[in-house]
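To start, the structure itself, in structure tokens.
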Amino acid sequence: MASLSEQLQDVRSQAEVCLYSGGRAVDLRAGVVAMANLPLPPCSKYHHIAAETMVIENSFGRNRKETLGSLQRLSTALNILEKYGCNLTNPNRPKYWRTVKHNNPVFRATVDAIQGGRAVLCLYGYSNQQPDGLSFPDDVTDPDVGRVAAVTLEVMSLRMELEMLIKEAHPHPEFYERIIPTLRHKDVGLNTDAVISSRHADSQTKSLAFSLYRRSSRESNRSHSLSANNQSLRSIQVFSTFSSKHPENCAICGIFRISAHCLTCLQGLCSDCDRLYHSYPERANHHRTAVTSSTSSKNRSNEGSGSSTWRCLHCTKVNSIQDVLCDECEQPRLEPLGSKEEECQPATIIEWQCKSCTMVNAASSILCEVCERPRLATRPPVTPSHPPITPPRPPAPVLGMPGDPDSQWVCQFCTYLNYSPAMVCEMCDLARPEPAPLPVKLRPPSPVRRVPALPIKPKEPAPEDLDSWRQNLIKEEGLKLIQLIRHGEKKGVSPEEVYTSMRVAGDSNILPCKWLKTELPLLLDQIRMLVATSSLQSFSDKTPTEDKNNITQDLAKEAGKVVDLAETESVIQLSRAEAKQAWLTAGGDTERAARQALRDRLAKVKELRALGFSDESRCHEVLRQSGGEVRGALALLQRPLLEPFHKRIWSEKPEPPVDIHHPDKQRVCRWLLAVYDLPSWGRCELALSLLLEHSAPYSLEDVVQAVQESHDREFIKRVLAKECPICLSVFPHSKMQSLTSCQCSVCCGCFQQHFTIAVRDKHIRDMVCPVCWEPDINDPEHLNSYFSTLDIQLRECLEPEVYELFHKKLTEQALIKDPKFLWCCHCSYGFIYDGDQLKVTCFQCRNSFCAHCKKPWESQHAGLSCEQFQSWKRENDPEYQRQGLAGYLRDNGITCPNCRFQYALSKGGCMHFCCSQCRYQFCSGCNNPFHTTCAVDQCTVSGLHAHHPRDCLFYLRDWEPSRLQALLQNNGVAFNTEPPPGTQTDLCGVIEQKDEGGQQSDAACGAQTQPGHAGLCEKHYREYLVSLINSHSIDPAPLYSSNELLLACRRYKVEDTHRDGEDTFTYYTRRLEKLMDEVPLGDKVPRKK
204 MASLSEQLQD
214 VRSQAEVCLY
224 SGGRAVDLRA
234 GVVAMANLPL
244 PPCSKYHHIA
254 AETMVIENSF
264 GRNRKETLGS
274 LQRLSTALNI
284 LEKYGCNLTN
294 PNRPKYWRTV
304 KHNNPVFRAT
314 VDAIQGGRAV
324 LCLYGYSNQQ
334 PDGLSFPDDV
344 TDPDVGRVAA
354 VTLEVMSLRM
364 ELEMLIKEAH
374 PHPEFYERII
384 PTLRHKDVGL
394 NTDAVISSRH
404 ADSQTKSLAF
414 SLYRRSSRES
424 NRSHSLSANN
434 QSLRSIQVFS
444 TFSSKHPENC
454 AICGIFRISA
464 HCLTCLQGLC
474 SDCDRLYHSY
484 PERANHHRTA
494 VTSSTSSKNR
504 SNEGSGSSTW
514 RCLHCTKVNS
524 IQDVLCDECE
534 QPRLEPLGSK
544 EEECQPATII
554 EWQCKSCTMV
564 NAASSILCEV
574 CERPRLATRP
584 PVTPSHPPIT
594 PPRPPAPVLG
604 MPGDPDSQWV
614 CQFCTYLNYS
624 PAMVCEMCDL
634 ARPEPAPLPV
644 KLRPPSPVRR
654 VPALPIKPKE
664 PAPEDLDSWR
674 QNLIKEEGLK
684 LIQLIRHGEK
694 KGVSPEEVYT
704 SMRVAGDSNI
714 LPCKWLKTEL
724 PLLLDQIRML
734 VATSSLQSFS
744 DKTPTEDKNN
754 ITQDLAKEAG
764 KVVDLAETES
774 VIQLSRAEAK
784 QAWLTAGGDT
794 ERAARQALRD
804 RLAKVKELRA
814 LGFSDESRCH
824 EVLRQSGGEV
834 RGALALLQRP
844 LLEPFHKRIW
854 SEKPEPPVDI
864 HHPDKQRVCR
874 WLLAVYDLPS
884 WGRCELALSL
894 LLEHSAPYSL
904 EDVVQAVQES
914 HDREFIKRVL
924 AKECPICLSV
934 FPHSKMQSLT
944 SCQCSVCCGC
954 FQQHFTIAVR
964 DKHIRDMVCP
974 VCWEPDINDP
984 EHLNSYFSTL
994 DIQLRECLEP
1004 EVYELFHKKL
1014 TEQALIKDPK
1024 FLWCCHCSYG
1034 FIYDGDQLKV
1044 TCFQCRNSFC
1054 AHCKKPWESQ
1064 HAGLSCEQFQ
1074 SWKRENDPEY
1084 QRQGLAGYLR
1094 DNGITCPNCR
1104 FQYALSKGGC
1114 MHFCCSQCRY
1124 QFCSGCNNPF
1134 HTTCAVDQCT
1144 VSGLHAHHPR
1154 DCLFYLRDWE
1164 PSRLQALLQN
1174 NGVAFNTEPP
1184 PGTQTDLCGV
1194 IEQKDEGGQQ
1204 SDAACGAQTQ
1214 PGHAGLCEKH
1224 YREYLVSLIN
1234 SHSIDPAPLY
1244 SSNELLLACR
1254 RYKVEDTHRD
1264 GEDTFTYYTR
1274 RLEKLMDEVP
1284 LGDKVPRKK
């Protein structure tokens, strides 16, 4: 047989799967019940929630009754936590499942009212603390359903155990009696079944009897003989009530029948338990009586007999049986009238579910414990073992008499079908408003017992008629009051004013709103007059006789008018707002309102005087002006005191500078705190100490800015003493400028001077950091972000004309990227050309050139493509023929890939080329950019470099001309070896860019030519052959040697290992094919179009 731990794990796993997979509710409840019934202590059964700690912290009380009440509140909170968990595990979660608001009344009254409630929510995932509640973290998109299901299952199981513990149905209560000592002692005065009983009278009677017994037992030490009879009667009554549930069970062993009842400890015991329990010396003097079945039935019959009184559940007032409302609190009677109805009830209602919030409440609760809404009436439950017996209808009813089927009526409150002549509903005990006959066949006969016909007394009305009349009167008055309140709200009148005006006006037919408008001002003036008279009388008691006579004469002159309270300082003058508030507080009583208003005014004056305003008459005056509001009166009293300050603030005169060396250091600190808004008093003292240093050339603004950012004295000194790397001067950090691309900082003067020179005399790409020359602005994306931030900095430091020139260059830089932008080959002027003709005329020099090949325009170009024109020129132009291959290299010179500006220069020599127009740095052989910060992954090269393809002139210029010729021959491409007739053959005439004394100049090569090189030097002949290779997209890899192939594979990251049994030639061929397949030729290398 499996152990308890294995059974727990099995039950837990099945219930968790059923919970988060949407299984049947019956299976889930069965799993929860099985888990709750396992004989394990809470510390071993619950792994996620601290069940034992929650039970201990939330169980309080001096006896078992109070402890069970606290456990009931814990069970209610667990019910709400269970709903939170079920919402999270449900696939269709609510819209606002991510948050739990603190202002939710259900959360505040249940979960937040217990210890450990928020901890359970944290286990669910509500771990983010918000100002108004709890929520899931922002990075959590969905709750952990598995964990939530595990925690929810434990919450459901713990709630199930608490419910069984409260109902005394727990199979193993010893686990909880061990941690809650008050549960060990049975309180006979508390019948725990009252929690699930449907009759409030039982629970009230039992708890009352128990309290009377405890008082009498304490008094019995002094006068046992005087109270013994009363005590015995009460104890017997309590015991009979208690034993009606289980008359045969012993209170200790619960097995044998009761043979004796102890009147002292209020327990019914069997003979063995009675002998053992009362053998203790302290219990030896307990008074015990024998219990027989006849005695029990007699007690029950006495208890069930009709009573002439009933006890109110709200104020415990004992009322007459004829009273429907309590005489003390005017609450309706909520329990049935007699015990006969209890006997007719087919079953006991254990608990009921609220229709509004679905909270499961105890049967004794009239209002829901969560939403405080009343319990709606329902039909009595029917137990299968005891089916309800429908009483027979009255025989042969007479039309119009009580019991007539045509006189049935439906309660308008609970919709229950009643039979006349009952004047109250059989279900909800509310009065019948008026007879409303319904057809007999509309509803089946009620299974509940019909009320028998009552004899009608013509002279004396029945108590039910009086109750009905009284309830109808209360209802009519309530509806009238609600109508008047709604009417008053439309007129801007509060409900308190409407109710008070109705009380004062009495039976007057005038509406409250009209009465408040016409009669209330006179009452308020009367209250003000009473307060003034009362204050004047108290002043007269403290004034000499002569002054009293003068005041009396003055008041006699003002007879028939309201006293001018402004003329007498001793008279308290109330505002109408104060008088109205006092009138509402007093419920319309004028004299009481005057006394209340006077007390309130004197209390407010005392409060103002405690704040330092000693002029009592001035306090009275400002309270009158503010309508009795202390805050408004305080503002009026403080206004004259703040007037000099306001004048100084709004004065047009400049604020006088503060003297740092003033002897009152606290005054200087207060000035710093007020003017510069420093965060604390310590920061003010720190700023003052830095300013008072002898060798510190700090300004006040620099020190304040540094102190606002940090409280570290050494760090502030470093911030205030920054050295400019250009002029080597010391400046504070606020006087330094830095770019976003680097960490360098220079002073504002050097920053302005550097960028002024760069804008005026240099290219826009030279506008980088003057210290580290960062950033590398060859990257277009980096270039745009850099200049967008630089524009903001230069706007503040450059002069207007320099800043305008910067914007002009920035605009030209943006225009270069336009595909319609053209450079003039005659004057280097750029513009945007929208036309579709080849011939373009420059707006600057008025010369024409070809928009496609950028060559000077000739008349022979008309009607011919650029390739056709170049072919015609080689065949017919003597000057072009005389230049030979030097002219060919010039026409196929260098074109900037960034701005498309063409240079009639050779590509030989250094491959690093910098465009004079846009300062773009690139390789003249493959057009790839040169940069210092490489964007290629796993690049280990530092410094200025470029990544060249294998067909770039950068690599092929090292090949011998014969090898290049062999490559062309293998691919069927013709090439020249002899110069054209008439060309110069001794010196190379190719134009190239030369560096002479730091200046770039264009001049002929002038090197000695070699035979078989078509009149070119060896360097330019190789360039000529490579240009043919690039024009025809020929791959040089087939002519690689084994070492060259190995270097190329390493350069382009082509990995291939030597296979077992593979010869060298096969390995070479396979590796060459892999290189040619995986690594393409250069995509920017100039090709033949």
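Take the sequence shown: its position 982, counted from the start at 1, is 1185 in the numbering used here, and no numbers get skipped. We put the beta carbon where it would ideally sit given N, CA and C, even for glycine. Fair warning: this is a prediction, and the values are worked out from it, not measured in the lab.
Please classify S968 as buried or exposed, where buried requires at least 16 neighbouring CB atoms within 10 angstroms. Residue 968 is actually Arg in this sequence, not Ser. R968 comes out buried.
Status (buried if at least 16 other CB within 10 Å, exposed otherwise) for A178: With the chain represented from 204 up to 1292, any question about residue 178 goes unanswered, as that position is not in the structure.
In or out: P294 buried (at least 16 other Cβ within 10 Å) or exposed? exposed
With a threshold of 8 Å on Cβ separation, who are the neighbours of L207 within its own chain once the five nearest residues in sequence on each side are excluded? L241, P242 and L243
Quick check on the burial criterion: 16 or more other C-beta atoms within 10 angstroms. Buried or exposed for F310? buried
What ranges does the beta strand (DSSP E) occupy inside the stretch 324 to 397, keeping only unbroken runs of at least 3 residues that lie completely in it? 331 to 333 and 336 to 338
Can you find the residues in the same chain that come closer than 6 Å, C-beta to C-beta, to Q1213, ignoring five residues on each side of it along the sequence? E1221
Span separating the alpha-carbon of L893 from that of C872: 13 Å
Enclosing beta strand (DSSP E) for S482 [first to last residue]: Note, S482: premise wrong, no beta strand (DSSP E); not H, not E.
Pick helix, strand or coil for P297, following the three-state DSSP scheme. coil
Is it buried or exposed, R478, if we count other Cβ atoms within 10 angstroms and call 16 or more buried? exposed
When you compare each of R276, S262 and L324 to L284 by their alpha carbons, which one comes out closest? L324
Tell me the DSSP bridge mates of L570? P577
Curious, which full-length beta strand (DSSP E) runs of at least 3 residues does the stretch 815 to 866 contain? none
Quick one: measure Cβ to Cβ for F1072 and C1000, integer angstroms, because I've assumed they're closer than 8 Å. In fact, because the Cβ distance is near 52 Å, the residues do not count as touching under 8 Å.
Once the 5 residues before and after L1067 are set aside, which same chain residues still bring their CB inside 8 Å of it? W1075
Which two residues bound the contiguous beta strand (DSSP E) that contains Q470? Q470 to L472
Below 9 Å between beta carbons: does that hold for N1233 and D1161? no
Evaluate T292 with the Cβ neighbour count: other Cβ atoms within 10 Å of its Cβ, from every protein chain shown; 16 or more gives buried, anything less gives exposed. buried
Simplified DSSP assignment, three categories, for S738: helix
Under the three-state DSSP convention, the category L222 falls into: helix
For A565, name the three-state secondary structure that DSSP assigns. strand
Is C468 near the ligand GTP, judged by its Cβ being under 8 Å from some heavy atom? As for the ligand GTP, it is missing from this structure, which has no ligand bound.
Residues near S278 in its chain [Cβ-Cβ closer than 8 Å; skip 5 each side]: R362, L365, E366 and I369
Sequence-distant residues of the same chain with beta carbon closer than 7 Å to T719, five excluded per side: Here residue 719 is Leu; the residue named in the question, Thr, does not match the sequence. These residues qualify, in order along the chain: V696, E700 and S704.
Going by other Cβ atoms of all chains shown within 10 Å of its Cβ, with 16 needed for buried, is R812 buried or exposed? exposed
Kindly give me the distance between the Cβ atoms of L1147 and T1136, rounded to whole angstroms, as I take these residues to be in contact under 8 Å. In fact, because the Cβ distance is near 10 Å, the residues do not count as touching under 8 Å.
Where are the beta strand (DSSP E) runs, 3 residues long or more, that stay fully inside the stretch 1141 to 1223, in chain order? 1194 to 1199 and 1202 to 1207
Any chance the stretch 324 to 333 sits against the stretch 254 to 271, with 3 or more Cβ pairs inside 8 Å? no
If I measure Cβ to Cβ from L805 and keep anything under 7 Å in the same chain, skipping five residues before and after, which residues do I get? none
With the cut-off set at 9 Å, would you say F1034 and L1041 are in Cβ contact? no
Beta carbon of F934 nearer than 9 Å to that of C947: no
My output table needs one value for Q776: the three-state DSSP class, helix, strand or coil. coil
Helix, strand or coil: which one does DSSP assign to K717? helix
Is the beta carbon of H1223 sitting closer than 9 Å to the one on A1206? no
What separation, rounded to the nearest whole angstrom, lies between the Cα atoms of V348 and H373? 30 Å
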